[in-house]
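Peer 1: Structure incoming, see below.
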Amino acid sequence: MLAPLALDFSRRAQLVEMMEQPCSYEELRACLRDIARVDRLTFAHRPTLSWLDALIASAPKLERPLRVVDVGCGDGDMLRRIDAWGAKRGVAVALTGIDLNPNAIRAAKEATPSGERIEWIVGDALADAAGEVDVVVSSLLTHHLTDTQIVQFIRWMEKSALRGWFINDLHRRPVPYHLFRLWTRFTNWHPFVKNDGPVSIRRSFVVEDWQRLCASAGLATQFVTIREYRPARLCVGRVK
Ligand SMILES: C[S@@+](CC[C@H](N)C(=O)[O-])C[C@H]1O[C@@H](n2cnc3c(N)ncnc32)[C@H](O)[C@@H]1O
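Take the sequence shown: its letter number 56 is residue 109 in the numbering used here, and every next letter is one higher.
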């Protein structure tokens, strides 16, 4: 059944996702792999990679590898993309993935061929210090956080990232919500993904949310770029 078209998209929905509940390693890994599959089909890596392109074009070349941390890395697909991006662009990178869930880190290690040197760490973005890095990125992380935690996360990135940070998350709009529900009826994706995709969209953001959250973190709007990337992403970039 399609959800009623009159759902309230005016504010972030207070809903829980299935993947936030305790589950087995196999279940989480299958779920993260299907999220990565959806990401590929919806070109969800592009905003982060284009932002990195703009970042290196706008700053002097480093004499050492660009240190990139991906927070809430899941099974690590984004970092493997960034590794390939660095190789293609001739940019040396030092990559670290952080995730709260030890099983996500286990899945990331398992999915990463030994040739790709990426450090994987179990950690909480809101509690653990990352030390100084050049860039912090995240994808599909922030809609799991409360507004208060997001403000804390923005402050943490602002302090930790020497060159900038990039949040890649969903756009809270009815069109991607309903399209995703319709599309997944014809797939055999993991039930968590079928359920959590639309829930994630309802928990996600519109431009005004990001303006308010950045302002609460002490960042005026002119210091960040908030941009929609169709079909379903709304991203926030900060270049220092
Ligand atoms: C929807 S998954 C996204 C995975 C991956 N980034 C992607 O785009 O496919 C969200 C991930 O964020 C992690 N996460 C949630 N809260 C976190 C926190 N406070 N610190 C670090 N990771 C967190 C979860 O464990 C989960 O693996």
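By construction, the Cβ of each residue, glycine as well, lies at the ideal position given by its N, Cα and C atoms.
May I ask you to list the residues that DSSP assigns as paired with residue 278?
Peer 2: Mapped onto the sequence shown, residue 278 falls at position 225. According to DSSP, which records beta bridges pairwise, residue 278 is partnered with 290.
Peer 1: Going along the chain, which residues of its own chain have a beta-carbon closer than 7 Å to the beta-carbon of residue 67, five neighbours each way excluded?
Peer 2: For the purposes of this step, residue 67 is taken as residue 14 along the sequence shown, with counting starting at 1. If we look at residue 67 and ignore the five residues flanking it on each side, it has no Cβ neighbours.
Peer 1: Exposed or buried, which one is residue 221 when buried takes at least 16 other CB atoms within 10 Å?
Peer 2: Within the sequence shown, numbered from 1, the residue matching residue 221 stands at position 168. The residue is buried, with at least 16 neighbouring Cβ atoms inside 10 Å.
Peer 1: Who are residue 173's beta bridge partners in DSSP?
Peer 2: Translated into the one-based positions of the sequence shown, residue 173 becomes position 120. DSSP lists 150 as partners of residue 173.
Peer 1: Kindly provide the ranges of any beta strand (DSSP E) runs that are 3 or more residues long and lie completely inside the stretch 112-165, ordered along the chain.
Peer 2: Complete beta strand (DSSP E) runs here, min 3: 119-124, 146-152.
Peer 1: Let me know the secondary structure DSSP gives residue 197 once reduced to three states.
Peer 2: Here residue 197 corresponds to residue number 144 of the sequence shown, with the count starting at 1. Residue 197: helix per DSSP, three-state reduction.
Peer 1: Is it the case that the CB of residue 271 approaches a heavy atom of ligand 3 more closely than 8 Å?
Peer 2: Summarising the ligand content, the structure contains ligand 1 and does not contain ligand 3.
Peer 1: Quick one, are the C-beta atoms of residue 217 and residue 291 less than 9 Å apart?
Peer 2: Along the sequence shown, one-based indexing puts residue 217 at 164. Along the sequence shown, one-based indexing puts residue 291 at 238. Against a cut-off of 9 Å, the Cβ pair of residue 291 and residue 217 comes out as a contact.
Peer 1: Would you mind giving the Cβ-Cβ distance between residue 114 and residue 215, rounded to the nearest angstrom? I have them listed as a contact below 8 Å.
Peer 2: For this step, residue 114 is matched to residue 61 along the sequence shown. For this step, residue 215 is matched to residue 162 along the sequence shown. No, residue 114 and residue 215 are not in contact; Cβ-Cβ is about 14 Å, not under 8 Å.
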